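Sequential numbering of the sequence shown, starting at 1, is according to full-length UniProt numbering. Don't be surprised by glycine CBs; every beta carbon is placed ideally from N, CA and C. Everything numeric in this text was worked out from a predicted model, so none of it was measured. Okay, structure first, notes after.
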Amino acid sequence: MVAERTPKSRREPLISVEGLKKEYSSGDQTVTAVDDISFSIDRGSIVGILGPNGAGKTTTIKSLLGLVEPDAGKVLIDGSEVSEERKQVYSRVSAMLEGARNAYWRLTVEENMSFFMSHRGINPRSNTDRRRRILEELGLADKANVPVRELSRGMKQKAALACVLAQDTPVLFLDEPTLGLDVEATRALRSHLAALAAEDGRTIIISSHEMDTVQELCDRVIVMTNGRIAADKETQSFTDLFQAQAYEIEVEDDIEQPARTAIERRFDTAEFADYPSKTELTVTLDHKREVFDLMDTFRDHDVVPAKVNHADVDLEEAYLQVMQNNTERAVMEGPTNG
């Protein structure tokens, strides 16, 4: 008697990455693109992967898709190891990695969508409404019968995105999905992706430099730099972490230059804004105990704060703070081999 297969729990990670490492060699030099990273992604979540150019984002995503063979580690998608069960993995994922290159330029937009749907075993003729809805949401309805090669750059981006959305896979990898989109199309796309995750349980991985899109859409943010994970937190807690360290301080009188110099020497993130009746100081502190150091500096220079508030911090500011902290740590540790 064959045992019944237990359904996969929604709480079980859909994607699991363990000890992933990838190096590239050129002559005598070896560059570590991804350096022993591990993380997991739950079903129905939207995760943003951020980082500067050369951080390892693209190599990581291509490793997850089986397009790059890692030197060490393993990647599992829905229980299937990517390097060993690629056919099974490919049936569950779709990706937009290089914008317009994801579409065939000689075909029309709708022909492209029909082709990719057929490739997935979806009958395009019985899914006309879904195809039309995607075209409407992306502002492509009037371009449905236009060859992709005749579209503008932004429209080509939309066409590539339409092809991915039409494939109806449980997992979507999107690289810069809002690049070239206007405000209305960006808003519609965010709404569409949010619904796919919340209502259909789709899992979406986004790599983007559009911080507002990531902040509004993603449940979680993974920040990469130098092939490593510099931060991995839920989006709200990620921004809250730095908001707790950023302060806006209002002083009713002018802050004299000796006091400003002392503050700037002690806190290199200090910024002053002068107004007719007050001065505002914005400063980010590495540790909560530095609040007392700041108050001591005020007292030593007869500076009396009228108000002290937490400063609002968005995802971009939090991301830049992670990058700054990582750079400072790298300088302190010195160069590494690899």
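In the DSSP assignment, what are the bridge partners of residue i?
i: alanine 198; result: Answer is none; alanine 198 lacks a bridge partner.
i: isoleucine 48; result: Strictly speaking, residue 48 in this sequence is glycine, with isoleucine absent from that position. Paired residue(s): Ile206, Val221.
i: alanine 246; result: Thr284
i: glutamine 215; result: Glutamine 215 pairs with nothing; no bridge assigned.
i: tyrosine 24; result: Val31
i: serine 80; result: Ile77
i: valine 251; result: Thr279, Pro305
i: alanine 72; result: Lys21
i: lysine 233; result: Val221
i: serine 40; result: Ser16
i: methionine 96; result: Leu174
i: arginine 228; result: Thr225
Excluding the 5 residues flanking residue i on each side, which residues of the same chain have their C-beta closer than 8 Å to its C-beta?
i: valine 283; result: Ala246, Tyr247, Ile249, Ile263, Phe267, Thr269, Ala270, Glu271, Leu294
i: tyrosine 90; result: Gly66
i: valine 304; result: Val251, Glu252, Asp253, Phe298
i: glutamate 98; result: Asp175
i: threonine 58; result: Leu97, Asp175, Ser207
Run through DSSP, which three-state label would residue i get?
i: asparagine 145; result: coil
i: proline 305; result: strand
i: leucine 65; result: coil
i: residue 389; result: This structure does not reach residue 389, given that the chain is present from 1 up to 338, and the question cannot be answered.
i: glutamine 167; result: coil
i: serine 126; result: helix
i: leucine 107; result: coil
i: arginine 101; result: helix
i: aspartate 300; result: helix
i: alanine 185; result: helix
i: glycine 154; result: helix
i: residue 387; result: This structure cannot speak to residue 387, because the chain is shown only from 1 to 338.
i: glutamate 136; result: helix
i: serine 16; result: strand
i: arginine 86; result: helix
i: leucine 174; result: strand
i: arginine 120; result: coil
i: alanine 273; result: strand
i: serine 114; result: helix
i: serine 191; result: helix
i: alanine 55; result: coil
i: methionine 1; result: For methionine 1, the pLDDT reaches just 39, beneath the cut-off of 50, and the residue's location in the model is therefore unreliable, leaving the point undetermined.
Which same chain residues end up closer than 6 Å to residue i when comparing Cβ atoms and leaving out the 5 residues on each side of it in sequence?
i: serine 40; result: Pro13, Ser16
i: methionine 113; result: Arg131, Ala162, Cys163, Ala166
i: lysine 307; result: Glu250
i: alanine 185; result: Leu138, Gly139
i: glycine 227; result: Thr32, Ala33, Val34, Asp35, Gly56
i: leucine 76; result: Ser16
i: lysine 158; result: Leu138, Leu140
i: phenylalanine 115; result: none
i: valine 82; result: Gly66, Val75, Val89
Based on Cα-Cα distance, which residue from the options lies nearest to residue i?
i: alanine 160; options: Pro170, Val171, Leu181; result: Leu181
i: asparagine 53; options: Val47, Val68, Glu69, Ala33; result: Ala33
i: aspartate 232; options: Arg101, Lys22, Ser38, Ala72; result: Ser38
i: arginine 187; options: Asn127, Glu137, Asp168; result: Glu137
i: alanine 166; options: Gln157, Pro124, Val183, Ile205; result: Pro124
i: threonine 60; options: Glu81, Leu76, Asp78, Lys22; result: Lys22
i: leucine 64; options: Val109, Leu20, Thr279; result: Leu20
i: glycine 73; options: Asp36, Asn226, His119; result: Asp36
i: residue 339; options: Lys156, Glu280, Gly227; result: Look at the range of the chain in this structure, 1 to 338, and you will see that residue 339 is not part of it.
i: isoleucine 229; options: Gly56, Ser25, Ser26; result: Gly56
i: tyrosine 104; options: Glu150, Ser208, Glu18, Glu69; result: Glu150
i: isoleucine 222; options: Leu135, Gly51, Gly27, Gln29; result: Gly51
i: glycine 121; options: Glu290, Arg92, Leu135, Val82; result: Arg92
i: asparagine 309; options: Glu290, Ile255, Glu280; result: Glu280
i: histidine 209; options: Pro177, Pro70, Asp274; result: Pro177
i: residue 339; options: Ser45, Thr30, Ser26; result: Residue 339 is absent from the structure shown; the chain starts at 1 and stops at 338.
By Cβ distance below 7 Å, which residues in the same chain neighbour residue i in space, the five residues on each side in sequence not counted?
i: arginine 43; result: Arg10, Leu14, Gly201, Thr203
i: arginine 190; result: Thr213, Glu216, Leu217
i: glutamate 234; result: Asp219, Arg220
i: residue 342; result: Past the edges of the chain, shown from 1 to 338, lies residue 342, and the structure says nothing about it.
i: lysine 62; result: Val68
Hey, would you say residue i sits closer than 8 Å to residue j, going by beta carbons?
i: residue 340; j: leucine 172; result: The structure shown does not extend to residue 340, since the chain is modelled only from 1 to 338, so the question has no answer here.
i: asparagine 179; j: valine 148; result: Correcting the residue identity first, residue 179 is leucine in this sequence and not asparagine. No, they are not a contact pair.
i: alanine 259; j: histidine 192; result: no
i: glutamate 199; j: asparagine 145; result: no
i: isoleucine 49; j: methionine 224; result: yes
i: valine 47; j: isoleucine 205; result: yes
Just checking residue i against the ligand MN - is the residue's beta carbon closer than 7 Å to any of the ligand's heavy atoms?
i: serine 80; result: Absence of the ligand MN from the depicted structure is noted, as is the absence of any ligand whatsoever, leaving it without description.
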